[in-house]
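As you go down the protein sequences, you meet chains A and B in turn. Be aware that the first sequence starts at 1, since it is given in the numbering used here, and climbs by one per residue. Be aware that the second sequence starts at 1, since it is given in the numbering used here, and climbs by one per residue. All residues carry an ideal CB built from backbone N, CA and C; glycine is no exception.
Protein chains: 2
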Amino acid sequence: MKLGPDISRVAALIGDPARANMMSALMGGCALTAGELAREAGVSPQTASSHLAKLAQGGLVTPRRQGRHAYYALAGEEVAELMESLAGLAAGAGALRTRPGPREPALRAARVCYDHLAGGLGVAMLDSLVGRGLVEDRAGSLSLSPEGAGYFRSFGVDPEALARGRRPLCRACLDWSERRNHMGGALGKALLQTIYDRGWARRLDGTRVVAFSAPGLAAFQQAFPGSAG
Amino acid sequence: MKLGPDISRVAALIGDPARANMMSALMGGCALTAGELAREAGVSPQTASSHLAKLAQGGLVTPRRQGRHAYYALAGEEVAELMESLAGLAAGAGALRTRPGPREPALRAARVCYDHLAGGLGVAMLDSLVGRGLVEDRAGSLSLSPEGAGYFRSFGVDPEALARGRRPLCRACLDWSERRNHMGGALGKALLQTIYDRGWARRLDGTRVVAFSAPGLAAFQQAFPGSAG
DNA sequence: ACCACCATTCGACGCGGATCGAAGCATTCG
DNA sequence: CGAATGCTTCGATCCGCGTCGAATGGTGGT
Chain A
1 MKLGPDISRV AALIGDPARA NMMSALMGGC ALTAGELARE AGVSPQTASS HLAKLAQGGL
61 VTPRRQGRHA YYALAGEEVA ELMESLAGLA AGAGALRTRP GPREPALRAA RVCYDHLAGG
121 LGVAMLDSLV GRGLVEDRAG SLSLSPEGAG YFRSFGVDPE ALARGRRPLC RACLDWSERR
181 NHMGGALGKA LLQTIYDRGW ARRLDGTRVV AFSAPGLAAF QQAFPGSAG
Chain B
1 MKLGPDISRV AALIGDPARA NMMSALMGGC ALTAGELARE AGVSPQTASS HLAKLAQGGL
61 VTPRRQGRHA YYALAGEEVA ELMESLAGLA AGAGALRTRP GPREPALRAA RVCYDHLAGG
121 LGVAMLDSLV GRGLVEDRAG SLSLSPEGAG YFRSFGVDPE ALARGRRPLC RACLDWSERR
181 NHMGGALGKA LLQTIYDRGW ARRLDGTRVV AFSAPGLAAF QQAFPGSAG
């Protein structure tokens, strides 16, 4: 099979542990400097620079110079989805880290997946929306129900405006820790933003952990009641 | 970011050219023997055996012994989707093969993507279905419309029966040659099967090319008329 | 029972690439 | 203008792993 695009180039880019760690760090959604990524990956700045150049040339990250800093971010949502798919397959293959870190439980509970909510609370939110008929899950492909449009508007999100964008409104994203779907897409991003705006939760600096306050968690569970609530 | 599953292991598996070629060959959907995969990848049988053992241990392929042959197949649909995502990113990054082979045009026109139709005719089919309101494309997430259920039943496919399965009914799959969506999932598989059954097209041995006969192509274009038809 | 064929294991070779030290450039601040 | 900081380039080193030759195990055919 010498036809088609060269898959192995892209895969080999993510195949190096240092580069994979950088990409995972960028899954937080915001751009990071080359130095930060070097520390994140546990390599020297020179090595990191070499890696980042390759990732940029491969179209996986986009560089942006700002003064004497070089910021790098994921090239797009497709790259983030690819990373999440890889994580799902890796988790399924039992390739979990041998030594789960101390923040692992918090990460499983609620984390950010590029720009939307993932982890236990992420799938619980989607479960609640589907259970109440606000989002339709037709065998894995998500769509907004007519009732859902009104609900989200009252929640402070305008689905019509989001749907006008070029980005898919809602998209099923396989959660590597829960092995079930959570919601991505423009709507998923807007919902996480609302959670931040209302002060229910905040990002822990330097991690992908989304930390809910006690009243924030209560409000979340009331807003998205489910079988577990 | 030392948390979460080890992404790099899985990516590194596909990162080797020989292994990537084997995986691409398996994207044809049917299981192949170790020897066939060795020829496909252009390596010796010993090397192929080593690669296949690693792929199997990584959960990307599943081995099956039959007599003195060892058959290997993709481990599941998720693996196939991951491969297609990689191909899409690779094509976007301009990582197309330097020397497009002689069968490349045929492959771009119509090929099999794991078990459903891809290529120019694949996206044309989805375009036609969406244009006639039989399938709804809500910003990238596909779902069957009420009218579509009746249509497919008259076409010889039972959507209700398919929906009872565990597999998603229809799923948008980014086409690497067209850079647009075609339809996968259980419905996509059933439609391709129908195309085979009606004698409109057949698989070329040893390739992913779906070759339409002249009358078959005419029937296809009549069944799925679009803006181009 | 013997041979043919296919797949796998073992061992050795060699290449590619990840890594870091040192130097070079650009930018910002005093 | 000089010093400090952050990123990148160059050169050298070294480890990992892909590769194949030879040998072993297992199955099917004669």
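Worksheet item: Since B/Leu89 and A/Val79 are thought to touch, with beta carbons under 8 Å apart, how far apart are those beta carbons, to the nearest angstrom?
Response: In the second sequence, the residue the question calls residue 89 of chain B occupies position 89. In the first sequence, the residue the question calls residue 79 of chain A occupies position 79. The beta-carbon separation of B/Leu89 and A/Val79, rounded to 7 Å, stays under the 8 Å limit for a contact.
Discussion item. Please state the DSSP three-state secondary structure of B/Pro63.
Written reply: For the purposes of this step, residue 63 of chain B is identified with residue 63 of the second sequence, where counting begins at 1. It is a strand residue.
Item to complete: Whole angstroms is fine: what's the gap from A/Val10's alpha carbon to B/Arg39's?
Response: The sequence position of residue 10 of chain A within the first sequence is 10, counting from 1. The sequence position of residue 39 of chain B within the second sequence is 39, counting from 1. Looking at the two C-alpha atoms, the distance is approximately 23 Å.
Discussion item. With a threshold of 7 Å between beta carbons, is A/Ala38 in contact with chain B?
Written reply: As a first step, residue 38 of chain A is located in the first sequence; it is residue number 38 there, counting from the start. No, because no Cβ of chain B sits closer than 7 Å to the Cβ of A/Ala38.
Worksheet item: Which chain A residues are close to B/Leu204, counting only those with a beta carbon under 8 Å from its beta carbon?
Response: Within the second sequence, numbered from 1, the residue matching residue 204 of chain B stands at position 204. Here the premise fails: no neighbours, minimum Cβ distance about 12 Å.
Practice prompt. Starting from the Cα of A/Pro105, find the closest Cα among A/Lys54, A/Gly59, A/Trp200, A/Arg208 and give me that residue.
Written response: On the first sequence, residue 105 of chain A is found 105 positions in, with the first residue counted as 1. Ranking the options by Cα distance to A/Pro105, first place goes to A/Arg208.
Item to complete: Check the DSSP bridge columns for B/Val209 and list the partner residues they point to.
Response: Residue 209 of chain B sits at position 209 when you count from the first residue of the second sequence. B/Arg111, per the DSSP bridge assignment.
Worksheet item: With 7 Å set as the bound, which would you pick, yes or no: does the beta-carbon of B/Trp200 sit closer than that to a beta-carbon of chain A?
Response: Along the second sequence, one-based indexing puts residue 200 of chain B at 200. Not closer than 7 Å to any Cβ of chain A, the Cβ of B/Trp200 fails to qualify, so no.
Item to complete: Could you work out which residues of chain B lie near A/Glu81, taking near to mean beta carbons separated by less than 8 Å?
Response: Within the first sequence, the letter at position 81 stands for residue 81 of chain A. Those within 8 Å of A/Glu81 in chain B are Ser85.
Practice prompt. With 7 Å as the threshold, decide whether the Cβ of B/Arg10 is near any Cβ in chain A.
Written response: Locating residue 10 of chain B in the second sequence gives position 10, counting from the first residue. A quick correction: the sequence has Val, not Arg, at residue 10 of chain B. At least one chain A Cβ lies under 7 Å of B/Val10.
Worksheet item: For B/Ala53 and chain A, any beta-carbon pair shorter than 7 Å?
Response: Within the second sequence, residue 53 of chain B is the residue found at index 53, counting from 1. Not flagged as an interface residue toward chain A: B/Ala53, since no C-beta distance is shorter than 7 Å.
Discussion item. With a threshold of 7 Å on Cβ separation, who are the neighbours of A/Thr98 within its own chain once the five nearest residues in sequence on each side are excluded?
Written reply: Residue numbering aside, residue 98 of chain A sits at position 98 when the first sequence is read from its first letter. The predicted model places A/Thr98 with a pLDDT of 44, which falls under 50 and marks its position as unreliable, so this point remains unresolved.
Worksheet item: By how many angstroms is the C-alpha of A/Leu129 removed from the C-alpha of A/Lys189?
Response: The residue given as residue 189 of chain A occupies position 189 in the first sequence. The residue given as residue 129 of chain A occupies position 129 in the first sequence. So the alpha carbons of these two residues sit roughly 15 Å apart.
Discussion item. Give me the subset of the region 60 to 80 of chain A whose CB atoms are less than 8 Å from a CB atom of chain B, sorted by chain position.
Written reply: Sequence-ordered contacts of the region 60 to 80 of chain A with chain B read Leu60, Glu78, Val79 [C-beta pairs closer than 8 Å].
Item to complete: Could you list which residues in chain A have their beta carbon closer than 7 Å to that of B/Ile195, in chain order?
Response: Residue 195 of chain B sits at position 195 when you count from the first residue of the second sequence. By Cβ distance, chain A contributes nothing, its closest Cβ being about 21 Å from B/Ile195, past 7 Å.
Worksheet item: Could you give the distance in angstroms between the alpha-carbon of A/Ala20 and the alpha-carbon of A/Asp6?
Response: For the purposes of this step, residue 20 of chain A is identified with residue 20 of the first sequence, where counting begins at 1. For the purposes of this step, residue 6 of chain A is identified with residue 6 of the first sequence, where counting begins at 1. Straight-line Cα distance between these residues: approximately 19 Å.
Practice prompt. Could you round the C-beta distance between B/Arg108 and B/Gly119 to whole angstroms and report it? I think they count as a contact, below 8 Å.
Written response: Walking along the second sequence from the start, residue 108 of chain B turns up at place 108. Walking along the second sequence from the start, residue 119 of chain B turns up at place 119. Contact flag correct, Cβ pair sits at about 6 Å.
Fill in: A/Met83 (DSSP reduced to helix, strand or coil)
Looking up residue 83 of chain A in the first sequence gives position 83. In this structure, A/Met83 counts as helix in the three-state DSSP scheme.
Item to complete: Indicate the three-state DSSP secondary structure (helix, strand or coil) for A/Ser50 in the structure shown.
Response: For the purposes of this step, residue 50 of chain A is taken as residue 50 along the first sequence, with counting starting at 1. It is helical.
Discussion item. Please report the straight-line C-alpha distance between A/Leu117 and B/Gly67, rounded to a whole angstrom.
Written reply: Translated into the one-based positions of the first sequence, residue 117 of chain A becomes position 117. Translated into the one-based positions of the second sequence, residue 67 of chain B becomes position 67. Taking the straight line joining both Cα atoms gives about 49 Å.
Worksheet item: Does DSSP put B/Leu13 in a helix, in a strand, or in coil?
Response: Mapped onto the second sequence, residue 13 of chain B falls at position 13. Note: B/Leu13 maps to helix in three-state DSSP.
Worksheet entry | Cβ-Cβ distance between A/Met27 and A/Tyr114 below 7 Å | What you label residue 27 of chain A is simply residue 27 of the first sequence in a count that begins at 1. What you label residue 114 of chain A is simply residue 114 of the first sequence in a count that begins at 1. Contact flag set, yes.
Fill in: Start-to-end residues for the beta strand (DSSP E) that takes in B/Ala70
By 1-based counting over the second sequence, the position of residue 70 of chain B is 70. Counting along the chain, B/Ala70 sits inside the beta strand (DSSP E) bounded by residues 69 to 74.
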